[in-house]
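Numbering-wise (the working numbering), the sequence shown opens with residue 11 and increments by one. Note that beta-carbon positions come from the ideal geometry of N, C-alpha and C, so glycine has one too.
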Amino acid sequence: MKLLLDIGNTRIKWCVEKNGEIGARGNVSYKLMDFSQEIQQYWSKLDAPQLLAISSVSAKEIRQQLVTIAKQNWPDINVFIAKSSVQACSVTSAYQDAEKLGVDRWLGLIALRHYYPEINCIVDCGTAITLDCLDETGQHLGGLISPGVQLMKKSLYQGTEDLGFINKPYSLGLADSTDSAVYTGTIYAAAGLIEKAVRDLCQSKTLVLTGGDAELIANTLKLEVIVEPDFVFKGLSLLAKEAGV
C-alpha cells in the first residue's frame, strides 16, 4: 500500500493507493496552527503503508514535518520525493532548467501521457491556474501560469477598500450584488484564459482539468473537458513505480 501526498500552495492532500486503486483520502490547510495534529489523527487510523510518495511545491519544512509524522507512525516506511527532471515516464520537459518546472505540473503531464495519450493539454485549476501541452511524442511544449479563482478574489479584496472577501457560490450571470459580481467575474476570467490559450496555443479539441476548482471551471468552458481530480496522485504513483520504489 502507498500513501500519496500532494503538498500544494495552501493545502496538504493525501490518499491511499492499493493495488492501483485510489482509496481513503483527506486534506487539510497547512495554514492552520494545528495542521500536524489533524494529520496525525487521520494517519493513525490507516493500515501501515510501505511507501510514502510526496509531491511538494511548498517549503521543505512542511515536507519534513510530514515525513517525521509518517516515520513516527510507521518506522519502516520508505519515502520517495518526486522531482521534475529532463525525462521520465515517456515525457520530456521543455524547460531548459528542468528542475524549475513545478513538480505538480510535471506529474500532471506524466499522468496525461499515460492515461490520455491522445490528448495534448492539461489544466490545473488550483491556487494558480497552470496549462501545459504535449506533442504526440510526449515532448512538453511549454505552458503558462495565472492566478487561480481564489487568488483573484483575494487580490480584489486586498486592493479594494470596501470589498470584503466572501467565499460562497452564486449563480453565474450578470450580478445584482458585488459579491456575486466578483464570483462570476473571476470564474469567467479563468474560463476565458483557458479557452483563449487552448485556441491560440494548443489547438486541442479536448483537455484534462484537475485541481480544486476544476469542476467549477469545467462547467463554464465551451470545450470538451475531462475532469480528473486525482491526476497529481496518479502521476506521482507512476513516477514512483518507474523509480522502482
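{"Check": "Option in A34, S46, L122, R21 with minimal Cα separation from F241", "Outcome": "L122"}
{"Check": "Run of the beta strand (DSSP E) containing S100, from where it starts to where it stops", "Outcome": "Run containing S100: none; DSSP gives neither H nor E here."}
{"Check": "A201 vs T230 beta-carbon contact at 7 Å", "Outcome": "yes"}
{"Check": "Any 3 or more C-beta pairs closer than 8 Å across the segment 83-95 and the segment 108-116", "Outcome": "yes"}
{"Check": "Span of the alpha helix (DSSP H), counted from its first residue to its last, around A256", "Outcome": "Missing from the structure shown is residue 256; the chain here goes from 11 to 255 and no further."}
{"Check": "Cβ separation of G18 and G136, assumed to be a contact under 8 Å, to the nearest whole Å", "Outcome": "6 Å"}
{"Check": "7 Å CB neighbourhood of A98 in its chain, flanking five on each side removed", "Outcome": "I120, L249, E252"}
{"Check": "Pair within 7 Å by beta-carbon distance, K12 and A63", "Outcome": "yes"}
{"Check": "Exposed unless 16 or more other CB atoms sit within 10 angstroms - verdict on T196", "Outcome": "buried"}
{"Check": "Spatial distance of Q75 from S46 (CA atoms)", "Outcome": "8 Å"}
{"Check": "Contact check, T140 vs G153, beta carbons under 7 Å", "Outcome": "yes"}
{"Check": "In DSSP terms, what T220 is bridged to", "Outcome": "D134"}
{"Check": "Where I91 falls: helix, strand or coil (DSSP)", "Outcome": "strand"}
{"Check": "Contacting residues, own chain, Cβ-Cβ under 6 Å from E238 (five flanking each side not counted)", "Outcome": "V218, T220"}
{"Check": "Closest Cα partner of D16 within the set K41, V67, Y52, K232", "Outcome": "V67"}
{"Check": "CB-CB length for L144 against V208, believed under 8 Å", "Outcome": "The Cβ separation is near 13 Å, so there is no contact."}
{"Check": "Coarse secondary structure for Q75, derived from DSSP in three states", "Outcome": "helix"}
{"Check": "Whole-angstrom C-beta distance between L61 and I87, which should lie under 8 Å", "Outcome": "7 Å"}
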